[in-house]
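Notes to accompany the following structure.
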DNA sequence: AAGCTAGACAACCGCCTATAA
DNA sequence: CTTATAGGCGGTTGTCTAGCT
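Numbering (the UniProt record's numbering), first residue to last: 1 to 248.
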C-alpha cells in the first residue's frame, strides 16, 4: 500500500563512502535533522531517505559513544531487556551515546551468549509479564529478586515465547531471539531496581507518551502497552543503579 | 599460505504508527 | 472521517575481519 520511500532505481546501496558521509554530515550540520525524504536530493546523495536517517543516527551523529560497552552499560542492558524485551530503542534511550542498532547487535552477539553460557535462558528473564499480571507494586530490589526466582511462566507466556503468539504485531519479548532451548534454567538474582522515570528517556518518545495515557481494558492491552504502563505507573523509589553488579 | 569459520557490525527490509491533507 | 505519506522500529541479511586448521 505504502509507496516505497524512494525510487529504488538509481539509488546507491551498501556501505557508505567517506564522501557520502561528509555530504550528509555537512548537510545536517547546516540544516538540521528531519525531512529525511528530502535530504538525499537536497544534499546531492543517491540514497534513500531512510538510509540517510539510519546512517546519521547509527554512525555519524557527533554524540555517539563508540567502542566497547562498559560493564555498567552491559548490566543495564540486561536489566532493561528483562523488563522491556526487545524494545531496543527504549533500552538505547537509557544509554547515552548508544543506538538501538548497537544495543541490538551487542545483545545478539554478546549478551545472549553470555546469559546462555551461564545457564540462564533469556526467555524467562522477563519481568514485566509477571509483574503486570500479578500487579506487584512497591517491591524492593530484594523482593524483585525473589519474585524473579519464584516466577514460573504462565502458559500464555510460554505460548508467546515459542512464537505462537496470535498478536500480529512484533510483540517482542526476551525469548523471541533465543534458540528454542527449553531446558530448565536458573534465574539469576537480578537485583533490578525498577523506577519509572529512570527507565524511560527524559525526552519521552511518542511510544512512551502513548504508554503513559489512560489504561485500556485488560483484554485490549497488548504486551507492549502493559510493559509501558507498568513502567510509567510506578512511582520511583530508587534510581536505577547501572553500576549494580549483576553477575559478577 | 590458503581456505574455512565464527564473530561483529553496518545496512536493508517490511511493517506499524502518527499526522497532515 | 479517510487516505497518503513520513518517520520510526525491530528483525534479518550481507560483508568484512580475525582466528583457527
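Note that CB positions come from ideal geometry on N, CA and C, so glycine has one too.
Exercise. Going by the beta-carbon positions, is the gap between residue 73 and residue 95 smaller than 8 angstroms?
Worked result: yes
For this session: Express the C-alpha separation of residue 37 and residue 10 in angstroms, rounding to a whole number.
Result: 15 angstroms
Exercise. For the alpha helix (DSSP H) that contains residue 105, what are its first and last residues?
Worked result: 100-106
For this session: Kindly indicate which residue of 93, 68, 19, 57 has the alpha-carbon position closest to the one of residue 33.
Result: The shortest C-alpha separation from residue 33 is found at 57.
Exercise. So which of 82, 69, 97 has the shortest CA-CA distance to residue 63?
Worked result: Nearest of 82, 69, 97 to residue 63, Cα basis: 97.
For this session: Evaluate residue 35 with the Cβ neighbour count: other Cβ atoms within 10 Å of its Cβ, from every protein chain shown; 16 or more gives buried, anything less gives exposed.
Result: Under this definition residue 35 is an exposed residue.
Problem set entry | Neighbourhood of residue 16 by C-beta, 6 angstroms cutoff - its chain only, sequence neighbours within 5 removed | 55
Exercise. What do you reckon, are the CB atoms on residue 53 and residue 12 nearer than 8 angstroms?
Worked result: no
Problem set entry | Helix, strand or coil at residue 143 [DSSP, three-state] | At residue 143, the pLDDT of 38 sits below 50, so the modelled position is not reliable and the matter cannot be decided from this model.
Exercise. If you compare alpha carbons, which of 59, 50, 29, 23 is closest to residue 43?
Worked result: 23
For this session: Using a threshold of 8 angstroms, state whether the C-beta atoms of residue 75 and residue 88 are closer than that.
Result: No, Cβ-Cβ distance for residue 75 and residue 88 is not below 8 angstroms.
For this session: State the Cα-Cα distance for the pair residue 50 and residue 112, rounded to the nearest angstrom.
Result: 28 angstroms
Exercise. When you compare each of 81, 102, 66, 92 to residue 115 by their alpha carbons, which one comes out closest?
Worked result: 81
For this session: Take residue 179 and list the residues in its own chain whose beta-carbon comes closer than 7 angstroms to its own, dropping the five residues that flank it on each side.
Result: At residue 179 the pLDDT is 41, less than 50, meaning the model places this residue with poor confidence; the figure from the coordinates comes in the next sentence. Around residue 179: no qualifying Cβ.
Exercise. For residue 69, which residues of its own chain have a beta-carbon under 7 angstroms away from its beta-carbon, when the five flanking residues on both sides are left out?
Worked result: Sequence-distant Cβ neighbours of residue 69 in its own chain, meaning closer than 7 angstroms and more than five residues away, are 106.
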